[in-house]
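Since the structure comes first, as structure tokens, the remarks are kept for the end.
Protein chains: 2
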Amino acid sequence: MEYTKPLAKLIEYFQKLPSIGPKTAQRLALYMLKMPDYEVENFASAMLEAKRTIKYCEVCFNMSSDSPCEICSSANRNKELICVVSETKDLMAIERTNEYKGVYHVLGGLISPMDGIGPDDIRVRELLERVHSADIKEVILAINPTVEGEATSLYLTKLLKPFGVKVSRIAFGLPLGSELEYADELTLTKALEGRREL
Amino acid sequence: MEYTKPLAKLIEYFQKLPSIGPKTAQRLALYMLKMPDYEVENFASAMLEAKRTIKYCEVCFNMSSDSPCEICSSANRNKELICVVSETKDLMAIERTNEYKGVYHVLGGLISPMDGIGPDDIRVRELLERVHSADIKEVILAINPTVEGEATSLYLTKLLKPFGVKVSRIAFGLPLGSELEYADELTLTKALEGRREL
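In order, the protein sequences belong to chains A and B. Per the working numbering, the very first residue in the first sequence carries number 7; after that it's consecutive. Per the working numbering, the very first residue in the second sequence carries number 7; after that it's consecutive.
Structure, rendered in structure tokens:
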């Protein structure tokens, strides 16, 4: 037997989502069939609503239903401080700390020659324009410590320096609550390099 | 910053699904915002379509868009052989073997006094009616080897025997490709108990 058609279709759609394999897709679809009608209807409209209303902020390229986004248009944000991230999810991670009061710039990826992603494929030009046209004091690179992240950081630093703007990078080292004994060599190296005088 | 409203709502709905935590929900929602419009629209309609059209088969309580379901109404299925499972997903697992040619009965749960689930809360009466009114030769219990599964199997066996029908249970033992050395004690015990003469 095959799945009954409408169920097969629903499972197929769940499988298109990242990290959802055939078994999980089946479980999610079967669960959904047991949800109350109105819940499924609300879920479906939430999908359509989000897709319809959310666009990129024209300033920082954050996802938002308004443009400029809530952050760029907030009076409580320091517009002289730009935090550069690769993706919206990184921006969200930083927002969850509730500590950062500047604005953002979402690159939409990292430079990766292996994957054929060059500087023109991410929002480098838009960042330079912002730094050029507004009064920016500091650009913080909050980019993953990966090969692609390193390449992108180096590239951006080189381009940004001539504007006379301060360029910094978030610290890498031991995560809080972790044990030195179990840290990998690269993290330890980074932690040593980044040591600060007390 | 909070998530922009429509995104927060979509994330919230993903979180209602089983095994989807806040981080996965966020990842799925952000991914969906990058999918082409028509894909999201098709996904939403697949949800509504499945929910609207799929019901329980009135004979075996399988989920299907028809009642009786594809299996119950198929001429190639042996109606004298009923395989009893707890949930639709167990039925699907057996169907995937392509080996079973009988029909099914989906209980919709297992007897579990701890959770307040008694025989009247699952489809025991409906099973007895089927065995009573049709010409059934054998009932195969394909029920998990858990405490609830054991209780349900024992209970069903007791009720079914008086009908003069053969009652069997699927075998438990070492999974194929596994190594005896790593099997847990309960599985090994089951495997020993279920040994067959060669």
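Every residue, glycine too, gets a C-beta built ideally from N, C-alpha and C.
8 Å CB neighbourhood of GLY179/B in its chain, flanking five on each side removed: Working through the second sequence from its first residue, we reach residue 179/B at position 173. So the list reads THR193, LYS196, ALA197, GLY200, once near-sequence residues are dropped.
Kindly indicate if chain B contains any beta-carbon less than 8 Å away from that of SER70/A. Mapped onto the first sequence, residue 70/A falls at position 64. Yes - at least one Cβ of chain B is within 8 Å of the one on SER70/A.
Is the Cβ of ASN48/A closer than 8 Å to any Cβ of chain B? Taking the first residue of the first sequence as position 1, residue 48/A is located at position 42. By this cut-off, ASN48/A is an interface position.
Any beta carbon from chain B within less than 8 Å of SER25/A's own beta carbon? The sequence position of residue 25/A within the first sequence is 19, counting from 1. Interface residue (Cβ-Cβ distance to chain B less than 8 Å): SER25/A is classified as such.
Which chain A residues sit within Cβ distance under 9 Å of ALA189/B? Numbered from its first residue, the second sequence carries residue 189/B at position 183. Within chain A, no residue comes near ALA189/B; the closest Cβ sits about 23 Å away, beyond 9 Å.
Other residues of its chain near CYS63/A: CB distance less than 7 Å, five sequence neighbours each side excluded: Taking the first residue of the first sequence as position 1, residue 63/A is located at position 57. Annotation for CYS63/A: SER70, SER73, PRO74, CYS75, CYS78 place their beta carbon closer than 7 Å to its own, counting only its chain and skipping 5 residues before and after.
Residues of its chain near ILE26/B, where Cβ-Cβ distance is below 6 Å and the 5 sequence neighbours each way are ignored: If you number the second sequence from 1, residue 26/B lands on position 20. Same-chain partners within the cutoff: PHE20.
Taking only the alpha-carbon atoms, compute the straight-line gap between TYR106/A and PRO28/A and give it to the nearest angstrom. Taking the first sequence and counting its residues from 1, one reaches residue 106/A at position 100. Taking the first sequence and counting its residues from 1, one reaches residue 28/A at position 22. The alpha-carbon atoms of TYR106/A and PRO28/A are separated by roughly 40 Å.
Status (buried if at least 16 other CB within 10 Å, exposed otherwise) for VAL46/B: Locating residue 46/B in the second sequence gives position 40, counting from the first residue. Here VAL46/B is buried. Its C-beta has 16 or more other C-beta atoms within 10 Å.
Under a CB-based cut-off of 8 Å, is LYS172/A close to chain B? In the first sequence, the residue the question calls residue 172/A occupies position 166. Not one beta carbon of chain B lies nearer than 8 Å to the beta carbon of LYS172/A.
Who are the Cβ neighbours of TYR44/B in its own chain at under 7 Å, not counting the five residues just before and after it? By one-based count along the second sequence, residue 44/B stands at place 38. Setting aside the 5 residues that flank it on each side, TYR44/B has no residue in the same chain whose C-beta is closer than 7 Å to its C-beta.
Taking only three categories from DSSP, how would you classify SER118/B? In the second sequence, the residue the question calls residue 118/B occupies position 112. In the three-state scheme derived from DSSP, where H, G and I count as helix and E and B as strand, SER118/B is classed as strand.
Taking only the alpha-carbon atoms, compute the straight-line gap between GLU2/A and ILE60/A and give it to the nearest angstrom. This structure cannot speak to residue 2/A, because chain A is shown only from 7 to 204.
Selection from LEU116/B, ALA52/B, LEU97/B, ALA50/B that minimises the alpha carbon distance to LEU162/B: The residue given as residue 162/B occupies position 156 in the second sequence. Check the Cα spacing between LEU162/B and each of LEU116/B, ALA52/B, LEU97/B, ALA50/B: the tightest is with LEU116/B.
So is GLN21/A in contact with chain B if we call contact Cβ pairs under 8 Å? If you number the first sequence from 1, residue 21/A lands on position 15. GLN21/A does not count as touching chain B.
Just tell me which of LYS15/B, GLY183/B, ASN104/B, THR10/B has its CA closest to the CA of ALA52/A. Stepping through the first sequence from its first residue, residue 52/A is reached at position 46. When LYS15/B, GLY183/B, ASN104/B, THR10/B are compared, the shortest CA-CA separation from ALA52/A is found for LYS15/B.
According to the Cβ coordinates, are LEU23/B and LEU34/A closer than 8 Å? Within the second sequence, the letter at position 17 stands for residue 23/B. Within the first sequence, the letter at position 28 stands for residue 34/A. Less than 8 Å separates the beta-carbon of LEU23/B from that of LEU34/A.
Contacts that ARG33/B makes with chain D (C-beta to C-beta distance below 8 Å): Here the protein chains are A and B, and chain D is not one of them.
Taking contact to mean at least 3 C-beta pairs separated by less than 8 Å, is the region 81-89 of chain A in contact with the region 133-144 of chain A? For the pair of segments examined, the region 81-89 of chain A was found to touch the region 133-144 of chain A: the number of CB pairs separated by less than 8 Å reaches three.
Please confirm whether ILE60/A has its beta-carbon closer than 8 Å to some beta-carbon of chain B. Position 54 of the first sequence, counting from 1, holds the residue named residue 60/A. At a cut-off of 8 Å, the C-beta of ILE60/A has a neighbouring C-beta in chain B.
8 Å Cβ cut-off: residues of chain B touching THR10/A: Along the first sequence, read from residue 1 onward, the residue named residue 10/A stands at position 4. Correct list: ILE60, MET69, SER70, SER71, ASP72, CYS75, GLU76.
Any beta carbon of chain B sitting closer than 8 Å to that of LEU55/A? If you number the first sequence from 1, residue 55/A lands on position 49. The sequence given here places Glu at residue 55/A; Leu does not occur at that position. Yes, contact with chain B.
Should PHE169/B be labelled buried (16 or more other beta-carbon atoms within 10 Å of its own) or exposed? Looking up residue 169/B in the second sequence gives position 163. Exposed, since its Cβ has fewer than 16 Cβ neighbours within 10 Å.
Same chain, Cβ closer than 8 Å to VAL91/B, neighbours up to 5 away in sequence not counted: Translated into positions along the second sequence, residue 91/B becomes position 85. So the list reads LEU97, ILE100, TYR110, HIS111, VAL112, LEU113, ALA148, ILE149, once near-sequence residues are dropped.
If you follow the beta strand (DSSP E) that GLY108/B is part of, which residue opens it and which one closes it? The residue given as residue 108/B occupies position 102 in the second sequence. Taken as a continuous stretch (DSSP letters only), the beta strand (DSSP E) holding GLY108/B covers 108-112.
If the cut-off is 8 Å on Cβ atoms, which residues from the region 144-166 of chain B count as contacting chain A, listed in chain order? Listed by position, the residues of the region 144-166 of chain B near chain A (Cβ gap below 8 Å) amount to none.
Output yes or no for whether 8 Å exceeds the beta carbon distance between ARG136/B and SER159/B. Translated into the one-based positions of the second sequence, residue 136/B becomes position 130. Translated into the one-based positions of the second sequence, residue 159/B becomes position 153. In this structure, SER159/B does not lie closer than 8 Å to ARG136/B by Cβ.
DSSP three-state assignment for GLU144/A, whether helix, strand or coil: One-based indexing of the first sequence puts residue 144/A at position 138. For GLU144/A, the secondary structure class from DSSP, reduced to helix, strand or coil, is strand.
Does the distance between the C-beta of TYR188/A and the nearest non-hydrogen atom of the ligand FAD fall short of 7 Å? The ligand FAD is not part of this structure, which contains no ligands at all.
Between MET38/B, CYS66/B, ASN68/B, which has its C-alpha nearest LYS57/A's C-alpha? Position 51 of the first sequence, counting from 1, holds the residue named residue 57/A. The shortest C-alpha separation from LYS57/A is found at MET38/B.
Evaluate PRO12/B with the Cβ neighbour count: other Cβ atoms within 10 Å of its Cβ, from every protein chain shown; 16 or more gives buried, anything less gives exposed. Locating residue 12/B in the second sequence gives position 6, counting from the first residue. Within 10 angstroms of the beta-carbon of PRO12/B lie 16 or more other beta-carbons, which makes it buried.
Identify whether LYS172/A lies in helix, strand or coil by the three-state DSSP scheme. Position 166 of the first sequence, counted from the start, is the residue given in the question as residue 172/A. Three-state result, LYS172/A: strand.
For GLU185/A and GLY122/B, the rounded distance between their alpha carbons: By 1-based counting over the second sequence, the position of residue 122/B is 116. By 1-based counting over the first sequence, the position of residue 185/A is 179. Rounded to the nearest angstrom, the two C-alpha atoms are 45 Å apart.
Count the other CB atoms within 10 Å of the CB of VAL153/B; is the residue buried (16 or more) or exposed (fewer)? Translated into positions along the second sequence, residue 153/B becomes position 147. Looking at its Cβ environment, which holds fewer than 16 other Cβ atoms inside 10 Å, VAL153/B is exposed.
Of the choices MET41/A, GLU18/A, GLY183/A, PRO42/A, whose alpha-carbon is the least far from that of ALA31/A? Along the first sequence, one-based indexing puts residue 31/A at 25. Residue GLU18/A is the option with its Cα nearest to ALA31/A.
Under 8 Å between C-beta atoms, does LYS196/A make it to chain B? Within the first sequence, numbered from 1, the residue matching residue 196/A stands at position 190. Not one chain B Cβ lies under 8 Å of LYS196/A.
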